[in-house]
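Reviewing the structure listed below.
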Amino acid sequence: GFDSTGDLTGGIAATGNYPGRARTPRELMEDIRLAYTLFPGRKKLNLHASYAVRTDKNKDRDSYSLEDFTPWLDFAREQGVGMDFNPTYFSHPMMDGDLSLSSPDDKKRRFWIEHGKRCREIARGFAEALGEKSVVNFWMPDGTKDTCVDTRAYRDRMTASLDEIFADRAGMELAPCALESKLFGMGVESFTVVSSEYSLGYAQSRKIMACLDAGHYHPTEAISAKITAVLAFIDRILLHVSRPVRWDSDHVVALDDETQRIMDEVVWNGCTDRVAIGLDFFDASINRLACWAIGMRNTRKALLSAFLAPAHALREAEAAGDFTRRLALLEERRTLPLGAVWNYYCLTRNVPADGQWLGKVIDYEKKVLARRG
């Protein structure tokens, strides 16, 4: 973000130092503007509160307002996209180590409660201005490095904080809120306050969305297996599509089995109107625009493949107990001509087909990114 010059905290990290990083909101908007030309379909800008363009440098996260995001709102209007939003509960002096909403320090906890309230107000402003819902995702890194004894106290404080943030239900339809869990992070390996069980229980009991992040579970777990299970009890969910490599590494999304399975679950089970799909990945070791384009194109390809697959025939085989035919159809689906349909789709949307988009990124790197150092 742009509201802090300190190190990244919260048990997360970005590795690599590829040249050309956006240093200002204007430069980042330039990059996003080009990225939007590299993949087809509707777009949405997902912004963290730390990307505020403050009207008053003395304002802090507990007092941000819509005017601190006016340049982003203008940019979204220009691009014809909606906006989602995220409170930024990390990389800030008011963090109590790795604690925010569960901190025993009342002053610091109050700061973060107010931040959550302001972010809900800002997201509602986005939705009203752009005519599209703005999903607000709450992720807090709160936890402890070593064994925690009084786990209940941390969770009681977290619950009280969240309850205060969500007490006013006004605007919840325009700016629905989601709660995201995590298994662990660097420096919070032993205990995470908002675990999967906590997140699901809170979301179900408070009637908000649950966020399932592909990298926030044990490596043997897959969020594709959780989608319909969670939707059996929670009305709507938010997905963070990512590619965890051994842990929550947030590698660039690949067109791999899990990405495809996630989209299959959403489409084949008729859940498209109950699932918001977000992307959560980064790689500072490669060209950042190429990183965005690869991940976004792969996610869209998986979604397209789910719609093109012979889902009706698969369901018929399964209902008839013909598991031989089901497996045959599933495997033959892998070699169906997705690439040809995808490239045609790109061309009809005036977007470069496979093999044609990278040249635009390389040209932009030479003309724009290289000058940034």
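First residue of the sequence shown: 94, per the working numbering; consecutive thereafter. Note that CB positions come from ideal geometry on N, CA and C, so glycine has one too. Because the structure is a prediction, the values reported are computed rather than measured.
Which same chain residues end up closer than 7 Å to A220 when comparing Cβ atoms and leaving out the 5 residues on each side of it in sequence? For the purposes of this step, residue 220 is taken as the residue at position 127 of the sequence shown. For A220, where only same-chain residues beyond five positions count, the Cβ hits under 7 Å are K226, S227, L267, A268.
Counting only runs of 4+ residues fully inside the segment 145-222, write out the alpha helix (DSSP H) ranges in chain order. List check, alpha helix (DSSP H) in window: 163-172.
With H333 as the anchor, note down where its alpha helix (DSSP H) starts and where it stops. Against the sequence shown, residue 333 aligns to sequence position 240. First-last for H333: 330-334, but that is the beta strand (DSSP E), not the alpha helix (DSSP H).
Roughly how many angstroms lie between the CA atoms of F95 and W165, to the nearest whole one? Taking the first residue of the sequence shown as position 1, residue 95 is located at position 2. Taking the first residue of the sequence shown as position 1, residue 165 is located at position 72. F95 and W165 have their alpha carbons spaced roughly 13 Å apart.
I'd like to know whether the C-beta atoms of L121 and A128 end up nearer to each other than 7 Å. Within the sequence shown, numbered from 1, the residue matching residue 121 stands at position 28. Within the sequence shown, numbered from 1, the residue matching residue 128 stands at position 35. Taking 7 Å as the Cβ cut-off, L121 and A128 do not qualify as a contacting pair.
Span separating the alpha-carbon of V434 from that of V174: Locating residue 434 in the sequence shown gives position 341, where the first residue counts as 1. Locating residue 174 in the sequence shown gives position 81, where the first residue counts as 1. The alpha-carbon atoms of V434 and V174 are separated by roughly 25 Å.
Could you tell me how far apart the beta carbons of L272 and Y247 are, in whole angstroms, since I believe they sit closer than 8 Å? In the sequence shown, counting from the first residue as 1, residue 272 sits at position 179. In the sequence shown, counting from the first residue as 1, residue 247 sits at position 154. No, L272 and Y247 are not in contact; Cβ-Cβ is about 15 Å, not under 8 Å.
Cβ pair F55, M389 closer than 7 Å: Missing from the structure shown is residue 55; the chain here goes from 94 to 466 and no further.
I think L397 touches Y438, with their Cβ atoms under 8 Å apart; what is that distance to the nearest whole Å? If you number the sequence shown from 1, residue 397 lands on position 304. If you number the sequence shown from 1, residue 438 lands on position 345. Rounded, the Cβ-Cβ distance is 7 Å, consistent with contact.
Excluding the 5 residues preceding and the 5 following R408 in the sequence, name in chain order all residues of the same chain whose CB lies nearer than 7 Å to its CB. The residue you call residue 408 lines up with position 315 of the sequence shown. Here the set comprises nothing.
So for K459, helix, strand or coil by DSSP? Mapped onto the sequence shown, residue 459 falls at position 366. In this structure, K459 counts as helix in the three-state DSSP scheme.
So what's A296 in DSSP terms, helix, strand or just coil? Looking up residue 296 in the sequence shown gives position 203. It is helical.
Hey, out of G224, G264, R329, whose CA is closest to R213's CA? Indexing the sequence shown from 1 puts residue 213 at position 120. Of the listed residues, the one whose Cα sits closest to R213 is G264.
Could you give the first and the last residue of the continuous alpha helix (DSSP H) run that contains V434? Against the sequence shown, residue 434 aligns to sequence position 341. Segment 431-441, the alpha helix (DSSP H) holding V434.
Do three or more CB pairs link the segment 134-145 to the segment 187-201 at distances below 8 Å? Contact annotation: the segment 134-145 does not touch the segment 187-201, with fewer than three C-beta pairs closer than 8 Å.
If you check the beta carbons only, do N391 and A347 fall under 7 Å apart? In the sequence shown, counting from the first residue as 1, residue 391 sits at position 298. In the sequence shown, counting from the first residue as 1, residue 347 sits at position 254. Result yes, Cβ atoms of N391 and A347 sit closer than 7 Å.
Along the beta strand (DSSP E) that carries M302, what are the first and last residues, could you check? Counting from one through the sequence shown, the residue named residue 302 turns up at place 209. First-last of the beta strand (DSSP E) with M302: 302-306.
Look at V345 and F374 and say whether their C-beta atoms are less than 7 Å apart. If you number the sequence shown from 1, residue 345 lands on position 252. If you number the sequence shown from 1, residue 374 lands on position 281. Taking the C-beta atoms as reference points, F374 is found nearer than 7 Å to V345.
Which class does K137 belong to by DSSP, given the choice of helix, strand or coil? Looking up residue 137 in the sequence shown gives position 44. K137 carries a strand assignment under DSSP once its states are collapsed to helix, strand and coil.
Is there contact here, the segment 364-381 with the segment 413-426, by at least three beta-carbon pairs under 8 Å? The answer is no - the segment 413-426 does not touch the segment 364-381, with fewer than three Cβ pairs under 8 Å.
For L451 and V461, what's the separation of their Cα atoms in angstroms? For this step, residue 451 is matched to residue 358 along the sequence shown. For this step, residue 461 is matched to residue 368 along the sequence shown. Going from the Cα of L451 to the Cα of V461 covers about 15 Å.
Straight-line Cα distance separating R170 from V360: Position 267 of the sequence shown holds residue 360. Position 77 of the sequence shown holds residue 170. When rounded, the distance between both Cα atoms is 29 Å.
Name the two residues that bound the continuous beta strand (DSSP E) containing A413. The residue you call residue 413 lines up with position 320 of the sequence shown. A413 -> no beta strand (DSSP E), and no H or E assigned at all.
Could you tell me whether the segment 146-158 touches the segment 195-208, using the rule of 3 or more Cβ pairs below 8 Å? The segment 146-158 and the segment 195-208 touch, with no fewer than 3 CB-CB distances between them shorter than 8 Å.
Which residue from M251, R299, V229, H309 puts its Cα closest to that of K468? No answer is possible for residue 468: the residues shown for the chain start at 94 and end at 466.
Which whole-angstrom value describes the C-beta separation of D306 and H333, a residue pair presumed to lie in contact below a C-beta threshold of 8 Å? Numbered from 1 along the sequence shown, position 213 holds the residue referred to as residue 306. Numbered from 1 along the sequence shown, position 240 holds the residue referred to as residue 333. With a contact defined as Cβ atoms closer than 8 Å, D306 and H333 qualify at about 4 Å.
If we count the other Cβ atoms within 10 Å of its Cβ and call it buried at 16 or more, is V287 buried or exposed? Position 194 of the sequence shown holds residue 287. Under this definition V287 is a buried residue.
Would you identify the three-state DSSP class for L236, choosing helix, strand or coil? Within the sequence shown, the letter at position 143 stands for residue 236. Note on residue identity: the sequence assigns Gly, not Leu, to residue 236. It is a strand residue.
I need the straight-line Cα distance from N362 to M187, nearest angstrom please. On the sequence shown, residue 362 is found 269 positions in, with the first residue counted as 1. On the sequence shown, residue 187 is found 94 positions in, with the first residue counted as 1. Here the alpha carbon of N362 sits roughly 43 Å from the alpha carbon of M187.
Just confirm the distance between the C-beta atoms of L423 and L401, as a whole number of angstroms; I'd bet it's less than 8 Å. Taking the first residue of the sequence shown as 1, we reach residue 423 at position 330. Taking the first residue of the sequence shown as 1, we reach residue 401 at position 308. Contact flag wrong, Cβ pair sits at about 14 Å.
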